[in-house]
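J.: Below is a structure I'd like to ask you about.
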Amino acid sequence: MADMVINAKGLACPMPIVKAKKGIDSIQSGQIMELQNRRSGLNG
1 MADMVINAKG LACPMPIVKA KKGIDSIQSG QIMELQNRRS GLNG
């Protein structure tokens, strides 16, 4: 289970990236962050 869940569903670029960066900056080493999205552009 994730220590932090970031809901980026429906957000246009670059907001999912901005939210992910803020999450990364706020969690501690070893914690798990889950980024949820539904936009195909984030699937790589």
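One point on numbering: in the UniProt record's numbering, the residue at position 16 of the sequence shown is 16, and numbering is uninterrupted.
For every residue, glycine included, the Cβ atom is placed at its ideal position computed from N, Cα and C.
#1: Considering only residues of the same chain and omitting the five flanking positions on each side of Ile32, which have a CB-CB separation below 8 Å?
#2: In the DSSP assignment, find the beta strand (DSSP E) that holds Asn6 and state where it starts and stops.
#3: Suppose you measure from the CA of Asn37 to the CA of Asp25; what does that come to, to the nearest Å?
#4: Since Ala8 and Pro14 are thought to touch, with beta carbons under 8 Å apart, how far apart are those beta carbons, to the nearest angstrom?
T.: Based on what the coordinates show:
#1: Met1, Ala2, Asp3 and Met4, listed in sequence order.
#2: Going by the sequence as given, residue 6 is Ile instead of Asn. Met4 to Asn7 is the span of the beta strand (DSSP E), which, as asked, contains Ile6.
#3: Computed Cα separation, rounded: 19 Å.
#4: Between Pro14 and Ala8 the Cβ distance is about 11 Å, and since that is not below 8 Å, they are no contact.
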